[in-house]
Ligand SMILES: CC(C)(COP(=O)(O)OP(=O)(O)OC[C@H]1O[C@@H](n2cnc3c(N)ncnc32)[C@H](O)[C@@H]1OP(=O)(O)O)[C@@H](O)C(=O)NCCC(=O)NCCS
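Numbering (this note's numbering), first residue to last: 207 to 399.
The following block contains the structure:
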């Protein structure tokens, strides 16, 4: 369970990407249903296959946007004009024994990758988790299939803490390892510098 989101009044925030594109970053609202589904439909099937949720399902998108509970999941989207170009979520745990750790999940539109957007959104969620006083953030990534995400996470300071062999079955039916990455949140400067 996440506590109240700190500085929520600071949104929307405008950010400038490395290619000089300007995007706006703000929490998801229940008006975003259609544009969120359109966003996920633009994500290649190969990427979508390994995500934790069936993001191509209109029912799933309906459920998320209708039942926004920021204390459970805090979703930030990035928009270019009226089009969603990235979605990043911070997932808390309801169990008191696990409530000091939150998980980050992130997807960026292929046309907006490798210009700093994914890293910026990860840092935004790390800032929020840090301000909430959480101990650590985690990511779960498929070793041979989510390579960009592994590079991005490790370049921010996430480190591999466990590997679960054969936890994932890939699109060809072969087993792949799931990597658990973690970053401790005490030192805010560590993910900005
Ligand atoms: C992972 C993902 C979110 C990265 O988004 P992005 O906007 O391209 O990330 P950035 O441009 O901010 O890059 C962050 C860092 O990773 C590096 N990086 C990202 N993609 C890379 C690639 N394909 N090859 C090499 N390096 C890469 C960047 O160089 C950058 O490093 P730096 O900060 O040292 O310069 C994006 O590739 C994606 O949506 N992938 C599919 C979904 C996914 O796998 N999500 C993870 C599951 S939760």
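From the three backbone atoms N, C-alpha and C, an ideal C-beta is built for every residue, glycine too.
All values derive from a computational prediction rather than experimental measurement.
Start and end of the beta strand (DSSP E) containing residue i?
| i | result |
| --- | --- |
| residue 353 | Note, residue 353: premise wrong, no beta strand (DSSP E); alpha helix (DSSP H) at 353-362. |
| residue 311 | 307-314 |
| residue 348 | 342-348 |
| residue 383 | 381-390 |
| residue 367 | 365-375 |
Is the separation between the beta-carbon of residue i and that of residue j shorter than 8 angstroms?
| i | j | result |
| --- | --- | --- |
| residue 293 | residue 302 | no |
| residue 358 | residue 324 | yes |
| residue 343 | residue 308 | yes |
| residue 383 | residue 349 | yes |
| residue 391 | residue 340 | yes |
| residue 296 | residue 345 | no |
| residue 236 | residue 210 | no |
| residue 220 | residue 230 | yes |
| residue 245 | residue 315 | yes |
| residue 257 | residue 313 | yes |
Name the two residues that bound the continuous alpha helix (DSSP H) containing residue i.
| i | result |
| --- | --- |
| residue 214 | Note, residue 214: premise wrong, no alpha helix (DSSP H); not H, not E. |
| residue 262 | Element bounds for residue 262: n/a, residue is neither H nor E. |
Looking at the structure shown, is residue i part of a helix, part of a strand, or coil, going by DSSP?
| i | result |
| --- | --- |
| residue 334 | helix |
| residue 248 | helix |
| residue 224 | coil |
| residue 235 | coil |
| residue 272 | helix |
| residue 318 | helix |
| residue 286 | strand |
| residue 395 | helix |
| residue 301 | coil |
| residue 257 | coil |
| residue 242 | helix |
| residue 323 | helix |
Return the CA-CA distance between residue i and residue j, expressed in angstroms with no decimal places.
| i | j | result |
| --- | --- | --- |
| residue 208 | residue 290 | 24 angstroms |
| residue 263 | residue 243 | 8 angstroms |
| residue 318 | residue 225 | 9 angstroms |
| residue 259 | residue 250 | 15 angstroms |
| residue 370 | residue 351 | 14 angstroms |
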